[in-house]
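Per our numbering, the very first residue in the sequence shown carries number -16; after that it's consecutive.
Beta carbons are placed, not taken as given, at the ideal position from N, Cα and C, and that holds for glycine.
From a predicted model like this one, the values you see are computed outputs, not experimental measurements.
Here the structure is laid out as C-alpha cells; the discussion comes afterwards.
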Amino acid sequence: MWRGLAHAVIVRSEVMSRAIDVMHMGRDRVICAHEIDGLIVDPGPTTGLDTLLEGLGGVEPRALLLTHIHLDHAGGSGKLVERFPELTVYVHERGAPHLVDPEQLLGSARQLYGEDMDRLWGEVVPVPERNVRALAGGETIEGDLRVEYTPGHASHHVTYLSQSTGEAFVGDVAGVRIPPVDHVLPPTPPPDIDLEAWEKSLRTLERLGPRALCLTHFGRVEDVEGHIARVREGLARQGERSRAHGEEAFVQAVEADIRAAAGGDEEMAERFRQAAPPNQLYLGLERYWRKRAEEEGAAVGEGQGLRAPATRP
Ligand SMILES: [Zn+2]
C-alpha cells in the first residue's frame, strides 16, 4: 500500500518537458523552447513568438526561465510579458539589468548582425523590473528546478536541473547539435567567451549527472556523457584553431566540419550555420585570447614593476 502511494506521488511529480520548435526564419531544428507544465525555458526571439504560442496550444505560460539573455534565447521575453503581464522572468543577476534596459545588449547584437537584426530577431522591448527574479545560482525555484551558474558561453549563463525528471536545461553550454547528427559545434560568439569557465561549467553538468540534456539548438540528448565529451573536444579544437589561425582559415575549418557532419545535406549544414554563424565563433574566441593576453601582460608588468606589452599568444 505505502509503496504504491509513494510510487503514485513520484509519477505525479514527473512532468517531462517538451520541445517546441519556434521555426526560426521558417527553418526547423534551429531554435526550440522547452516547456515544463507552463514553465518556458528560453522562449526564443520575438520572430518565433507566434509559433511558440501556437505550440503551447492554449497553455498559459507561468514563468520564463532564461538560461541567458542572447536574443536567440530570450529576445521575445519583453513581448511575452506585454501579452502576459503576470509572467515571472528568471535570469542570472548579471543578465537582469540588460533585460530591464536592453540598449547595451542591442548595441552589441547590432555589431554582430547589422542590417539583419530586425529580420532575425524582431522587436526587443524591455522586461519590467517587477517581473524579473534575479538568480545567483544555487537556488531551487518553482519547487523543482535547481539553478546552477554555468558561465563560459556567457558570463551570466545558468542551467536549470529538474530534480524530479533529471532533465537539465543547458541553453548553449552544451553546444549546438542538430538531430539526428551527433556533431557538436560549440557556440563561441562575442563578447564574453571564457574557455576556463566553460570547462568548469561542463564539470558542473557532469556532477549534476542529468538523465538528459535539453539544448536550445536543438532538442533532447540522452547520451549525456558522450555529448559532453564532444562539447569538450569541440571547444579544444576551436580554441586551438582560433589561436593558431586567422579568421579565414578558422571559418574554412569550421565549414569543413559542418559539411562533413551534414554529409551532403545542405539544409542540415544551414541549420548549424544559422544557430552558430562560423565567423562569429572566431570573433568570440579572438576576443577571449586577446583579453587573456592583456591580463597576463598586466600581471607580468605588475610583477616586474613595469607594464609588459600585451601580445597575442
Ligand atoms: Zn547564446
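Query: Collapsed DSSP secondary structure at G288 in the structure displayed; Result: In this prediction, G288 scores a pLDDT of 46, lower than 50, which makes its location untrustworthy; the coordinate-derived value is nonetheless stated afterwards. If DSSP states are grouped into helix, strand and coil, G288 belongs with coil.
Query: Closer than 7 Å: P44 CB and nearest ligand 1 heavy atom; Result: no
Query: heavy atom of ligand 1 below 7 Å from P170 C-beta; Result: yes
Query: Own chain, CB closer than 6 Å to A117, minus 5 neighbours either side, in chain order; Result: E76 and A79
Query: Cα-Cα separation between R220 and V156, rounded to whole angstroms; Result: 16 Å
Query: C-alpha distance - A243 paired with F67, whole-angstrom precision; Result: 44 Å
Query: Host alpha helix (DSSP H) of T30 (start-end); Result: Element bounds for T30: n/a, residue is neither H nor E.
Query: For S138, the three-state DSSP class (helix, strand or coil); Result: coil
Query: Validate contact between the segment 122 to 133 and the segment 223 to 238 using beta carbons, cut 8 Å, 3 pairs; Result: no
Query: Any heavy atom of ligand 1 nearer than 5 Å to the CB - residues listed; Result: H53 and D155
Query: Beta-carbon gap between E3 and L32 smaller than 8 Å; Result: The identity of residue 3 in the sequence shown is Ile, whereas the question assumes Glu. Their beta carbons are not under 8 Å apart, which means I3 does not touch L32 by this criterion.
Query: Per DSSP, the bridge partner or partners of E131; Result: T142
Query: Selection from L266, R273, H7 and E279 that minimises the alpha carbon distance to Q94; Result: L266
Query: Where the beta strand (DSSP E) through R1 begins and ends; Result: R1 to D4
Query: Boundaries of the alpha helix (DSSP H) in which H210 is found, first to last residue; Result: V207 to A227
Query: Cβ neighbours of G222 in the same chain (closer than 7 Å, five flanking residues each side left out); Result: L178 and L268
Query: Residue span of the beta strand (DSSP E) that contains F152, given as start and end; Result: E150 to G154
Query: Cβ-Cβ distance between E150 and V108 below 8 Å; Result: no
Query: CB contact flag (I211, L191, <8 Å); Result: no
Query: Cβ pair count under 8 Å reaching 3, the segment 163 to 177 against the segment 136 to 149; Result: yes
Query: Proximity to T187 [Cα-Cα], best of Y143, R160, G202 and V159; Result: Y143
Query: P28 to R12 span [Cα, whole Å]; Result: 14 Å
Query: Contacts around V74, its chain only, beta-carbon distance under 7 Å, and the 5 residues preceding and following it disregarded; Result: L49, I52, L82, V115, A117 and L118
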